[in-house]
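See structure below.
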Amino acid sequence: MGHTAEAGRRGAKIRSDCWVSFESGVTGGIAIDLESKVASMYGESIRALAEETMRSLGIEHASLRIEDAGALPFVLAARIETAAKRALPDLERSHLPERIDQSRGKTTRDRLRRSRLYLPGNEPKFAPNAGLHEPDAIILDLEDSVAHAEKDAARIVVRNALRSVDFYGAERMVRINPIPDGYADLDSIIPENVHVVLIPKCESASQVNGVADRIDRIRAAHGFEGEIFLMPIVETALGIERAYEIATASPTVIALTIGLEDYTADIGAPRTSEGRESQWARSAVVNAARAAGVAPIDSVFSDVADMDRLRLNALESKGLGFEGMGCIHPRQVRVVHEAFAPTEMELEKAKRIVAAFEKAEATGSGVVSLGSKMIDPPVVKRALRTVRLAGQSRTSAGGSADE
Amino acid sequence: MSELRKNVAGRPAPTEANGKIQVPYCGFRKNEFGDLVSAHKPEGRRAAPRIRSCADYPLRGDKRVSDLRTALEKCGLKDGMTISTHHHFRNGDLVANAIFDAAADLGVKNLLWFPSASFPCHQNQLKHLESGVIHHIEGSMNGPLGDYCSRGKMRGLGVLRSHGGRYQAVQDGEVPIDIAVIASPTADPFGNANGVTGDSACGLLGFALADSQYAERVVVVTDNLVPFPCVPWQIQGNYVDFVVEMEQIGDPSKIISGTTQITKSPDRLLIADYVARFVREAGIMKDGFSFQAGAGGTALAFAIYLKEMMIEEGVKARFIRGGSTKYLVEMLEEGLTDYILDGQTFDLDGVRSMRENTNHVNTSPFTSYNYHGKGNFAGMVDAVVLGATEVDLDFGANVVTHSDGRLLHGIGGWQNCLFSNCTILAIPSFRDRIPVIVDRVTTLCGPGELIDVIVTERGIAINPRRQDLLNSVKGSGLPIRPIEEIKQEVERIVGGAPAQPSLADDPVAIIKWVDGTVIDTVFRVNT
């Protein structure tokens, strides 16, 4: 008997995923026993992918049983790799799917971050279409949406998704596990062009610095450029108390956000839809973030069926000073965007900046100025976006993806 | 001897099926009004049942017999006959199964079952197909029956027709019905029947209309017998030979289709939103317009989004074509449309509305879809929203088989609806791993000439034949894209185009076009 292990999911309700059992061997090469809903169309392709994955992992002899319910290639590869690594814990090599061009986009500090759409890290079927709903960011979650026993599987799914899924211009965020567990997450995902790392249950500047240092080391080892920003989530009483310290811990922190589910549990108050129990903490986060010069971002609204209350909640968020919030269902994105849309006054200012920019362009001048004040390029870019998005918001969530 | 020949769509069509000569699909022509219409023009006289005399029926109007078996015997049931049923009870039908159980008891063989559609509840018929009581099925074959047919186990060739095509086949004598059995939620002893009252109320009985008029013998089966007169008489007792009482003819919880739930899938909601916006931006949504949307989750969500836009812009429709549901009924009751012209009711609100509201009108394949009518309603609908299993780069579409070649769905009114002024297919760009836009559809059911717009979650493709639509949505902000581009994007996601399934050379079913010609052939799957 060789080493055996399983990965993935199967059952009547499972779609777009697969289940893999792996048994290592010493002779006989790679034996593949495949049962697939799409066998007549993709059977050969699945076998080829399984063999390629084994080659990448450096495994010459093994038996694989794959029960496939229409999983995409990046999912199949992730499940096969997970099963193999569970059976052979010392296996160091990985199977990295081809990186698509659309995964290479960079981010900037001043991007709009009105919405971030959560994608459970071990539930790959939502990933390919997530960007179509045009959230400002997608956030691949390795933390609370992933069962403890599946952390290893989720890490591989998320890594593969970052390489091979087109998020249509949405900013690429990952929520890692709390430090110190989250370090292993960073090793696996940082090489894959993550734009923003969310640090959950953040309670100290040293945690932020720990993450920033680890990211720097990984970058140095892999030699790549591009900004990687941090968004700490404060979601404990202690975290709220230290919000300013956390927000100023590293220059790579660009936003501070709050997690209300954990926070209300921590202070011993039931979470209500009115949210009186967390009003102070939310304001404290806004204040700390503004003092630190980073963006305050709100928590999520968890009743996915109640769009009216979501709208009220988002409007209240904006009223408190937040610049965006989390979404746990694509339908929430449009409502959140409408609520966080710029006001007339904000729009007027953006239009004046755009006009000044166009004038500077026309005259060939490199400098954009409004009255006596010089306008920095990022501010111009953001004003252009504000104006464009305001134009789009009339026709709701459609329109083009990010530039 | 039957042979396969290519029709003008390049699709194989047998010259003969179940002993009957077949005409290959012959495409389109422009009629004298400049309309694109089917080129096939049959001649001759309509079929008709034998002359009957009221003298042969009870003067006091009581046509009851003791049970279904007796009724079938009295109808002269014998080997090789054709028995028709309707599908208004959908997956809750108990009558079609009872008919063939009774026929098996009587020792009859080689029957042709001619349902207006079949459902998974009809897998009871598998044993009658095995034993030879049923020779073959001409009608939609869903689920287990489709699977049985796909594996080449049926004795004859399956023949799939649209709702309109079924009416056409009855009218022009292609399918002479020996015995029509009409399951009726309410009936009187004379045979007048309706679908608006009774435990098995299903709204209307339009799919049984042709059967009642053209079959040699007609049996009405009910579990809610009322004294004469049964009003309204959607089916007229004057066509009926026998009336049978059964304890239960349907399962009400399954008559009301599960498909009337609005989709919760965010991607399908996005598709529905795109469709509604397209209808508005293309200028179709204007006072006095009309549309048709089925009871699928995406179509329902479309109707709800469109309703919001109609309220916003103060627009009112002249009529909506159903499949009616609670959502369409609300539009009627809120004054957003003058009429619902309803082909089948999908939920209790639909049934109630049809019973109580004279502006909720029952229709039949004769009014809506029939090829041998002097016109029909399908072409008068401004926009229709339909589904499909596959669509090709020329906008031809498949609605009966999956990409692996298995026959799994019926045509329903789908082909007939393509004659709307703007035909929109609202479909996900891929399902699980299987792309919906393909080089060549597995089975051609709808020619690209009639399919105007494909709406997916990845964008909207407009048929280049419809330059007018392309122009009308310019600058609308809608994601209009070439169909090839969406196809390529999906193939990148799913890891390439699917391999062609290996199919055997022997046909298992033919697909009829609305005019009775053969548009494509379904082949046996190798499993």
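So the protein lines, in turn, are chains Y and L.
Heads up: the first sequence is residues 1 to 403, going by the numbering used here.
Heads up: the second sequence is residues 1001 to 1527, going by the numbering used here.
For every residue, glycine included, the Cβ atom is placed at its ideal position computed from N, Cα and C.
From the DSSP output, in three-state form, read off T264 (chain Y) for me. helix
G366 (chain Y) burial status per 10 Å Cβ neighbour count (16 or more: buried)
exposed
Which word fits K1127 (chain L), buried or exposed, when buried means at least 16 other C-beta atoms lie within 10 angstroms of its C-beta?
-> exposed
Give the single residue among Y:S36, Y:A69, Y:A5 whose Cα lies nearest to the Cα of T82 (chain Y).
-> Y:A5
Exercise for the section: Tell me, please, whether the CB atom of A12 (chain Y) is closer than 9 Å to any CB atom in chain L? Expected result: no
Among residues of its own chain, excluding the 5 on either side of L132 (chain Y), which ones have a beta-carbon nearer than 7 Å to its beta-carbon? Y168
**OP:** State yes or no: is the beta carbon of N177 (chain Y) nearer than 9 Å to at least one beta carbon in chain C?
**Re:** The chain labelled as chain C is not found among the protein chains of the depicted structure, namely Y and L.
By DSSP's criteria, D1093 (chain L) is part of a beta bridge. Which residues make up the other side? L:G1250
Can you list, in chain order, the residues of the region 34-46 of chain Y whose Cβ is nearer than 7 Å to any Cβ on chain L?
K37, V38, S40, M41, Y42, E44, S45
Quiz item: What whole-angstrom Cβ distance do H195 (chain Y) and E171 (chain Y) have, given they're in contact under 8 Å?
Solution: 5 Å
Looking only at C-alpha atoms, which of L:G1080, L:D1468, L:Q1123, L:Q1236 sits nearest to L1112 (chain L)?
L:G1080
Check distances from the C-beta atoms of the region 57-88 of chain Y to those of chain L and list, in chain order, the residues that come in under 8 Å. A69, G70, A71, L72, P73
TODO: Use the C-beta contact count for D1528 (chain L): other C-beta atoms within 10 angstroms, 16 or more gives buried, fewer gives exposed.
DONE: Since the first and last residues shown for chain L are 1001 and 1527, residue 1528 (chain L) lies out of range.
**Message:** Please identify, using Cβ separations under 7 Å, the residues of the region 186-206 of chain Y that lie next to chain L, in order along the chain.
**Reply:** none
**OP:** Report the three-state DSSP secondary structure of R1005 (chain L) (helix, strand or coil).
**Re:** strand
Open item on the list: With a threshold of 9 Å between beta-carbons, can E1484 (chain L) be considered close to chain Y, or not?
Closed with: no
Can you check whether the C-beta of V165 (chain Y) is within less than 9 Å of a C-beta belonging to chain L? yes
From S372 (chain Y) to A356 (chain Y), what does the alpha carbon distance come to, in whole angstroms? 12 Å
Shorter than 9 Å from the beta carbon of S103 (chain Y) to some beta carbon of chain L? no
* Asked: What residue range is occupied by the uninterrupted beta strand (DSSP E) comprising T1517 (chain L)?
  -> Taken as a continuous stretch (DSSP letters only), T1517 (chain L) belongs to no beta strand (DSSP E), as it is neither H nor E.
Can you pull the chain Y neighbours of E1457 (chain L), defined as C-beta to C-beta under 7 Å? N129, L132
With 16 other CB atoms within 10 Å as the buried threshold, where does K1006 (chain L) fall? exposed
What span of residues does the beta strand (DSSP E) with M325 (chain Y) cover, start to end? 325-327
Practice item. Identify the continuous beta strand (DSSP E) that holds H1135 (chain L) and give its terminal residues. Key: 1134-1137
- Message: If the criterion is Cβ atoms closer than 9 Å, does the pair A1193 (chain L) and Q1234 (chain L) meet it?
- Response: yes
Considering only the alpha carbon of each residue, which of Y:V335, Y:R309, Y:K106, Y:A87 lies closest to G25 (chain Y)? Y:A87
Classify T1358 (chain L): buried if its beta carbon has 16 or more other beta carbons within 10 angstroms, exposed otherwise.
exposed
Worksheet item: How would you write the range of the beta strand (DSSP E) that L1425 (chain L) sits in, first residue to last?
Response: 1423-1426
- Task: Using a cut-off of 9 Å between C-beta atoms, extract the partners of S1403 (chain L) located in chain Y.
- Result: V38, S40, M41
Given V253 (chain Y), which residues of its chain have a CB within under 8 Å of its CB, disregarding the five upstream and five downstream residues?
-> V208, F229, L230, M231, P232, I246, A247, A292, V294
L186 (chain Y) - DSSP class collapsed to helix/strand/coil
helix
Put T53 (chain Y) into one of helix, strand or coil per three-state DSSP.
-> helix
query: Is the Cβ-Cβ distance between Y1214 (chain L) and A1071 (chain L) less than 9 Å?
result: no
* Asked: Hey, V1438 (chain L) and D1392 (chain L): beta-carbon distance below 9 Å or not?
  -> yes
What do you reckon, is the C-beta of G1405 (chain L) under 8 Å from a heavy atom of the ligand PLP? Looking for the ligand PLP in the displayed structure turns up nothing, as the structure carries no ligands at all.
(message) Against S16 (chain Y), what residues of chain L qualify as contacts under a CB-to-CB distance less than 8 Å, listed in chain order?
(response) D1432, R1433
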